[in-house]
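Its first residue numbered 6, the sequence shown is counted upward by one per residue in our numbering. Just so it is clear, CB atoms sit at the ideal spot from N, CA and C, and this is done for glycine as well. Please read these numbers as outputs of a predicted model, since none were measured by experiment. Accompanying notes for the structure given below.
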Amino acid sequence: MANSGSHLKEDSNDLVKLNYNHFLDQIIDVLNGDKSKDLFKVSEDSKRLLMNVDELAYQICQLSINDPFIKQPFKTKCASINFIEGVENNFSDKLHQIQAKVKEVLENELPKKNDQSISIQNFLESIATPLETLKGQVNNNSISFNYPFEQQYTNLRKQRLTLPKDAQDIPPLLRLHKLSITVKQPTGFLKELRNSLNNYIEIHFDEEEQEDITEIVDNGFENQEKEDNEIYKVKKLIREEALGKIKKASSIKYLEFLYEKVKNDKDSVYLKDLIRRLKLIETYINDENQPDDYYTVCYQGVEFDFRQFFNNSYAFDSLPIIPQIEGYLGEMNDRDKDKQEFIFGMKLKLNGQVHISEGETSFDYHTSFLDLDKKENKDKLENEIEKDKFIKKLLKVVFLYYFVFASDSSPSDENYDPKLELNYNPVENFENQILKTLKENDDEKKKKLFNGIKRGFKKINIAFKLNKLRNLLIKCIEDPKLFDTKPYTLKVSISQGILEKDPDIVLTVVKFLTKN
Numbered sequence: 006m007a008n009s010g011s012h013l014k015e016d017s018n019d020l021v022k023l024n025y026n027h028f029l030d031q032i033i034d035v036l037n038g039d040k041s042k043d044l045f046k047v048s049e050d051s052k053r054l055l056m057n058v059d060e061l062a063y064q065i066c067q068l069s070i071n072d073p074f075i076k077q078p079f080k081t082k083c084a085s086i087n088f089i090e091g092v093e094n095n096f097s098d099k100l101h102q103i104q105a106k107v108k109e110v111l112e113n114e115l116p117k118k119n120d121q122s123i124s125i126q127n128f129l130e131s132i133a134t135p136l137e138t139l140k141g142q143v144n145n146n147s148i149s150f151n152y153p154f155e156q157q158y159t160n161l162r163k164q165r166l167t168l169p170k171d172a173q174d175i176p177p178l179l180r181l182h183k184l185s186i187t188v189k190q191p192t193g194f195l196k197e198l199r200n201s202l203n204n205y206i207e208i209h210f211d212e213e214e215q216e217d218i219t220e221i222v223d224n225g226f227e228n229q230e231k232e233d234n235e236i237y238k239v240k241k242l243i244r245e246e247a248l249g250k251i252k253k254a255s256s257i258k259y260l261e262f263l264y265e266k267v268k269n270d271k272d273s274v275y276l277k278d279l280i281r282r283l284k285l286i287e288t289y290i291n292d293e294n295q296p297d298d299y300y301t302v303c304y305q306g307v308e309f310d311f312r313q314f315f316n317n318s319y320a321f322d323s324l325p326i327i328p329q330i331e332g333y334l335g336e337m338n339d340r341d342k343d344k345q346e347f348i349f350g351m352k353l354k355l356n357g358q359v360h361i362s363e364g365e366t367s368f369d370y371h372t373s374f375l376d377l378d379k380k381e382n383k384d385k386l387e388n389e390i391e392k393d394k395f396i397k398k399l400l401k402v403v404f405l406y407y408f409v410f411a412s413d414s415s416p417s418d419e420n421y422d423p424k425l426e427l428n429y430n431p432v433e434n435f436e437n438q439i440l441k442t443l444k445e446n447d448d449e450k451k452k453k454l455f456n457g458i459k460r461g462f463k464k465i466n467i468a469f470k471l472n473k474l475r476n477l478l479i480k481c482i483e484d485p486k487l488f489d490t491k492p493y494t495l496k497v498s499i500s501q502g503i504l505e506k507d508p509d510i511v512l513t514v515v516k517f518l519t520k521n
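Encoded structure:
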């Protein structure tokens, strides 16, 4: 993780190389076909130009397109333009061919004058609104495209961006925080998986069973490209979910990274407590001693599995203050060292306004779900389409917000000490006060519980604590000093809980994974 500047420099890299030739050829073929005439259409009054790009995209999707990730050692899903050798010139030429064909198709659809198509420039001028008609002050009480064009703005600045030949100690104009996730030895995963399965078979099954079960596992590896194959499912699990779990763990690491910068501040206890509680969630929800249905709750007939949801990478996103990993900045492969690197952008959600709720803060918006007497919430509960989605949002807030914000300390207390927040145990209280009630069949009791949680948040003045944390983090990220990169090591493993323990089931059904 690092706070990076906007310095530009020439550099070599191991970004994934792509071959777009076949993809561009298919676009050209579709544009040369009969369907290209559906791309543009002029309205009957000749005042609007309609572009049906979806139809063109649909036609291309129906074709067989070669994978642009040519001869990659790892599975790659996303990459920017980094051509394989010899593709650069072809890419430019094909884009010009596409541009020329699109222009030709457009010109053929434009209105005619004296049996001659008018030029694209003339058509655009005929449907455009002259800027002169839009002069004037903006009226905040009405929708308008007016702008005071004659009013000059004198506070603009500009600065040239250059590629320095030598390293220069110049403060950057732009700063960003980024997250790099490096996966070491991804190609060795199958070998490790096979060794682990062999060890499991040797430890958990009798000698007379081991040979037959080993044969089932071996057959799984031989047919691992089939979608109903169990090895295929394990590979898919790792590929699609492991990176997401790493990203969620990275959010906590990022907060720890920031905490090191502000730990001497008197308000840093609020950040320390947030980190502590997020870790408690991870420990609680992944307790292997608890059966899967232990975390399943229900309200008005709608079930919600806390464990299943909070193992997702986006589980923390509805919190008012939380790091969010957004923006896929690149992917690099180092074949010699057998490692793969994913680079993401980092941003901080700081209890800002939620626009769909008329400017409520994120905390107020999400805790408003707890008030089931609110008209908007009552309407959703009575709507069969909205009900299921709303109740799941509600139960998610109950779990997440209770774990992160429940407390027996309030800033209005006479002897309030922020450090006391670190003594509160949300696990114990959630088990005794929340989970027990949510697993019962008394919906009226649950409604009273939701209202009680909302009143409790107001009583302990969460808004005060959030404001302290928000100001602390803003002060941290606005620090003019660039932060050093800091590496963290995280090991990803697959729980033995996914493996079938009953030899009769393994041998009879010929499967070694449990249903879950």
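Whole-angstrom distance between residue j and residue i, CA atom to CA atom
| i | j | result |
| --- | --- | --- |
| Phe4 | Asp34 | Any question about residue 4 goes unanswered here, given that the chain covers just 6 to 521. |
| Ser41 | Asp233 | 40 Å |
| Thr442 | Thr301 | 12 Å |
| Asn8 | Asn24 | Confidence is the limiting factor: at Asn8 the pLDDT is only 49, short of 50, which leaves the residue's position unreliable and the question unanswerable from this model. |
| Lys99 | Gly350 | 32 Å |
| Ile125 | Glu109 | 10 Å |
| Leu471 | Arg282 | 15 Å |
| Phe309 | Ile396 | 9 Å |
| Gln305 | Thr366 | 28 Å |
| Pro485 | Lys252 | 27 Å |
| Thr219 | Lys516 | 11 Å |
| Pro296 | Ala320 | 20 Å |
| Leu55 | Asn160 | 39 Å |
| Ser97 | Val47 | 30 Å |
| Leu29 | Asn388 | 47 Å |
| Lys250 | Glu287 | 11 Å |
| Asn291 | Glu207 | 26 Å |
| Ser122 | Pro116 | 6 Å |
Those residues which DSSP pairs with residue i across a bridge
| i | result |
| --- | --- |
| Ser412 | Beta-bridge pairing links Ser412 to no other residue. |
| Lys303 | Here residue 303 turns out to be Cys, not Lys, going by the sequence shown. DSSP, once it has assigned bridges, lists Glu308 as partnering Cys303. |
| Leu54 | Val47 |
| Gly335 | Ile348 |
| Glu365 | Val359 |
| Lys140 | Tyr152 |
| Lys118 | Gln121 |
| Pro328 | Leu353 |
| Leu518 | Leu504 |
| Leu474 | DSSP, once it has assigned bridges, lists no residue as partnering Leu474. |
Selected residue, minimal CA-CA separation from residue i, among the options
| i | options | result |
| --- | --- | --- |
| Ser523 | Phe374, Ile467 and Asp393 | Within the shown structure, residues of the chain are numbered from 6 to 521, placing residue 523 beyond reach of any answer. |
| Ala247 | Gly461, Asn317 and Asp509 | Asn317 |
| Gln31 | Ile390, Asp43, Glu49 and Cys66 | Cys66 |
| Ser3 | Leu427, Lys463, Glu433 and Asp447 | Past the boundaries of the shown model lies residue 3; the chain is included only from 6 to 521, so the question cannot be answered. |
| Ser185 | Thr494, Lys22 and Gly225 | Thr494 |
| Lys344 | Asp211, Leu29, Gly193 and Glu112 | Gly193 |
| Leu375 | Lys354, Ile390 and Lys398 | Lys398 |
| Asp72 | Asp59, Gln121, Lys266 and Val21 | Val21 |
| Asn476 | Leu36, Tyr275 and Asn113 | Tyr275 |
| Val58 | Phe45, Ser51, Glu49 and Gln358 | Phe45 |
| Lys459 | Leu377, Gln156 and Tyr205 | Leu377 |
| Glu483 | Glu387, Lys352 and Tyr370 | Lys352 |
| Phe408 | Asn94, Val432, Gly461 and Gly91 | Val432 |
| Ile1 | Asp297, Val188, Ser51 and Glu381 | This structure cannot speak to residue 1, because the chain is shown only from 6 to 521. |
| Asn37 | Ile103, His27, Glu60 and Ser69 | Ile103 |
| His27 | Ile70, Asp43, Lys52 and Lys106 | Ile70 |
| Leu454 | Phe404, Asp489 and Phe488 | Phe404 |
Assigned exposure category for residue i - 16 Cβ within 10 Å defines buried
| i | result |
| --- | --- |
| Thr372 | buried |
| Thr167 | exposed |
| Ala133 | exposed |
| Gln64 | buried |
| Pro153 | exposed |
| Tyr299 | exposed |
| Leu263 | buried |
| Met6 | Caution is warranted here: a pLDDT of 48 is assigned to Met6, below 50, making its placement in the model unreliable, and the coordinate value is therefore given only provisionally. It is buried - the Cβ of Met6 has at least 16 other Cβ atoms within 10 Å. |
| Ser498 | exposed |
| His182 | buried |
| Glu293 | exposed |
| Glu336 | buried |
| Gly357 | exposed |
| Pro135 | exposed |
9 Å Cβ cutoff, residue i in contact with chain D
| i | result |
| --- | --- |
| Lys42 | The structure shown contains no chain D; it holds only a single protein chain. |
query: Is it true that the segment 495-507 meets the segment 436-454, where meeting means three or more beta-carbon pairs spaced less than 8 Å apart?
result: no
- prompt: Are there three or more Cβ pairs, one per stretch, closer than 8 Å when the segment 233-242 is compared with the segment 434-441?
  reply: no
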